[in-house]
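Protein chains in written order, with numbering that gives the first Met the number 0: chain A, 0 to 264; chain B, 0 to 279.
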Amino acid sequence: MSTERRAFLGGALALASASILAGCDKIAMNPGVNKVLGSVQGLNRRLQRLFWAPHTMAREYRKQDISAWFKPNGAVAPDSPQAYEYSPEYHTLAANGFKDWRLVVDGLVDHPLSLSLDDLRAMAARTQITRHDCVEGWSCIGQWSGVQLARVLSAAKLKSNAKYVVFHCADVWDKDADGKPTQRYYESLGLDDAVHPQTILAYDMNGQPLPVPHGAPLRLRVERQLGYKHAKYLMRIEAVESFAHIGQGGGGYWEDNGYEWYAGI
Amino acid sequence: MSEAVEPPPHTVLVKRHALATRITHWINVIAFLLMLFSGLAIFNAHPALYWGQKTDFDHPWLAMTATPKPDGKLSGHLQLGKTSIPTTGLLGASAGADGKPEARGFPRWLTLPGYKSLADGRRWHFFFAWLLVLNGLAYLIFGVLNRHLKRDFTVTRADIESIPHEIVTHAQLKFPKGEEARHYNVLQKLAYLSVIFVAFPILILAGLTLSPQLDATFHLPDIFFGRQSARSIHFIAAWTIVAFLFVHLFMVVASGTWNNIRSMITGKYAIETEGDGDEH
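If you want it as structure tokens, here you go:
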């Protein structure tokens with residue numbers, strides 16, 4: 000009886016593990032399962048933000064901590080016709096040293112803005128040496144200089160129904176069959192992160208004008224969140240009440256592809 | 000006494016595990032395995048580990064790499080420091096969802112999901128992290144309330160003195176019988192204590208350190224000498240628990256598979272008594 004029982008247990012275990020392996024991916028791809036798994040996202044964000052000081056500052060490092068090589072990730076060459084992310088408009092702006100580039104600030108604001116790089120450089124600057132944590136797992140330390148987003152938003156004066164700011168970028172991520180861009184990179188922040196003192200629109204990296212692989216001429220730095228929130232190649236900042244109508248409604252390119260909107264984990 | 004249904008007269012069934020211990024044990028099995036497999040899927044997004052605060056891409060202490068061979072196939076390697084171990088089919092390069100070899104750290108039968116998706120792996124990981132932690136806390140609270148922790152894990156002077164003897168008898172796969180089998184022996188106590196109070200807390204804390212928001216709030220990387228070190232320690236702690244799991248399973252089998260499994264399901268554990276078993 001003991002031998003039979005053992006044989007039965009062994010058989011059951013083998014069957015169970017085979018069906019688990021075969022069934023795993025089916026379960027993992029099920030939208031309902033993903034909805035349940037994703038349901039803790041809001042809980043995680045609220046816990047991290049409400050109970051543990053929403054205004055904490057990300058650690059800032061010393062000059063000697065700066066990474067010898069800072070890995071550029073995602074789109075790195077929207078100025079290059081060979082790159083998938085190629086944008087002819089961006090190519091033209093880059094060829095002219097971004098003299099004709101303007102940052103548009105619009106949407107739910109009282110005073111829409113159109114700012115040149117010189118306009119931004121004339122505003123009070125903040126410099127910070129921070130650690131950039133990629134969702135893939137690696138970290139690099141770099142120095143960033145730019146304008147606090149809070150200053151730009153107060154100059155534009157947000158309307159009272161504005162709840163989020165959406166960052167529209169130049170780099171192309173999806174195209175139709177004819178090669179026409181259907182989706183460029185975008186990101187969004189709630190106002191709590193948007194007005195955080197370390198949230199800056201950076202034009203300098205390690206004391207030099209931002210290089211193209213890192214988002215020239217202007218990128219977002221939103222310390223305390225993972226790398227994909229730090230949108231590069233900024234073209235336009237739009238204040239909105241909801242981002243449900245933008246892209247696929249997730250609040251960002253990677254969010255539309257399954258990543259968390261709150262990237263504090 | 001009917002011999003067909005009752006245990007032979009020289010064994011008695013004693014109550015070994017409380018209901019709370021049994022339930023939290025099996026929830027932990029599910030939560031830990033799902034955390035392990037989804038963790039390996041996350042690791043696969045950048046299958047290399049470093050020491051320090053930031054990544055020195057040229058000097059991982061561990062990396063899984065895929066390099067094309069002259070015939071176009073991929074060869075997988077595990078790099079440990081300067082040592083390179085060929086691991087094609089297992090680490091670095093193995094069959095993808097379509098059956099063709101692809102560059103991936105751990106093979107698809109060890110990752111959740113099996114297909115390449117960092118986003119989906121993260122969703123599984125951050126969901127079952129709650130189950131793992133809440134279940135662990137429930138275990139500790141019940142363990143204090145029903146005195147399981149104090150009664151079963153207190154290491155006595157006699158325990159310490161019996162360590163050499165226990166090592167010898169364990170190596171011979173001879174296990175306590177009779178009255179001695181009613182209690183955890185000292186090696187069991189030390190193994191369980193180090194998993195519950197050292198390995199799991201380090202694993203969880205090192206995992207939380209990978210959150211940039213929690214770093215800002217608690218300066219967690221300072222505990223682990225940097226975020227990349229924390230990622231390495233998170234990985235090592237997970238595999239340490241896997242190593243414990245294999246030893247644990249081996250001991251379960253070596254000291255009586257069915258008796259051990261029954262004790263963790265119904266709570267009853269059979270021990271052999273000396274004499275002819277009048278005790279029950």
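For every residue, glycine included, the Cβ atom is placed at its ideal position computed from N, Cα and C.
Check: Going by Cα to Cα distance, which pick from Gly95/B, Asp57/B, Trp129/B is closest to serine 66/A?
Finding: Asp57/B
Note to self: Just to confirm before moving on: does the CB-CB distance between alanine 161/A and methionine 234/A stay below 7 angstroms?
What the structure shows: no
Checklist line | Min CB distance alanine 236/B to chain A below 7 angstroms | finding: no
Note to self: Output needed for lysine 158/A: all residues of its chain with C-beta closer than 8 angstroms, excluding positions within five of it in sequence on either side, in chain order.
What the structure shows: Leu107, Val108, Asp109, Ala238
Checklist line | Contacts around arginine 24/B, its chain only, beta-carbon distance under 7 angstroms, and the 5 residues preceding and following it disregarded | finding: The identity of residue 24/B in the sequence shown is histidine, whereas the question assumes arginine. If we look at histidine 24/B and ignore the five residues flanking it on each side, its Cβ neighbours are Met263.
Note to self: Between valine 265/A and chain B, is the shortest Cβ-Cβ distance under 7 angstroms, so that the two count as touching?
What the structure shows: Summary: the structure shown does not reach residue 265/A, with chain A confined to residues 0 through 264, and so no result is reported for it.
Check: Beta-carbon of glutamine 78/B versus every beta-carbon of chain A: anything under 7 angstroms?
Finding: no
Margin query: In this structure, how does DSSP classify leucine 209/B when only helix, strand and coil are distinguished?
Written below: coil
Checklist line | Completely contained beta strand (DSSP E) runs for the region 127-177 of chain A, where each covers 3 or more residues | finding: 138-147, 163-174
Notebook entry, point to check: Closer than 8 angstroms, Cβ to any Cβ of chain A: which residues of the region 128-140 of chain B, in chain order?
Noted result: Trp129
Next item on the list: Under the assumption that alanine 205/B contacts alanine 229/B (Cβ atoms under 8 angstroms), give the Cβ distance between them as a whole number of angstroms.
Entry: 5 angstroms
Check: From aspartate 214/B to leucine 133/B, what does the alpha carbon distance come to, in whole angstroms?
Finding: 22 angstroms
Next item on the list: Mind checking who serine 93/B pairs with in its DSSP beta bridge?
Entry: Glu101/B
Notebook entry, point to check: Are the beta-carbon atoms of valine 194/A and alanine 149/A separated by less than 7 angstroms?
Noted result: yes
Margin query: Are the CB atoms of tryptophan 137/A and threonine 64/B within a distance shorter than 7 angstroms?
Written below: no
Note to self: For the region 220-236 of chain A, list every residue whose C-beta sits within 7 angstroms of some C-beta in chain B, in sequence order.
What the structure shows: Arg223, Gln224, Leu225
Next item on the list: Tell whether a beta-carbon distance below 7 angstroms holds between glutamine 212/B and glycine 263/A.
Entry: yes
Next item on the list: Could you say which of Val167/B, Ala180/B, Ile162/B lies nearest to threonine 10/B if we only look at CA atoms?
Entry: Ala180/B
Margin query: On the CB-based measure, 16 or more other CB atoms within 10 Å of its CB, does phenylalanine 245/B come out buried or exposed?
Written below: exposed
Notebook entry, point to check: Taking only beta-carbon atoms, is aspartate 97/B less than 7 angstroms away from chain C?
Noted result: Protein chains in the displayed structure are A and B, and chain C is not among them.
Next item on the list: Can you pull the chain B residues whose beta carbon is under 8 angstroms from the beta carbon of glutamate 135/A, in chain order?
Entry: Ala44, His45, Leu117
Notebook entry, point to check: How about threonine 265/B: is its C-beta nearer than 7 angstroms to some C-beta of chain A?
Noted result: no
Check: Helix, strand or coil: how does DSSP classify lysine 14/B here?
Finding: strand
Checklist line | Rounded distance between the beta-carbons of glycine 145/A and arginine 220/A, thought under 8 angstroms | finding: 7 angstroms
Checklist line | Residue(s) in a DSSP beta bridge with leucine 77/B | finding: Met63/B, Ile84/B
Next item on the list: Give the residues of chain A in contact with histidine 218/B, contact being defined as C-beta atoms less than 7 angstroms apart.
Entry: Arg58
Notebook entry, point to check: Do the region 86-104 of chain B and the region 238-257 of chain A meet, that is, are 3 or more Cβ pairs less than 8 angstroms apart?
Noted result: no
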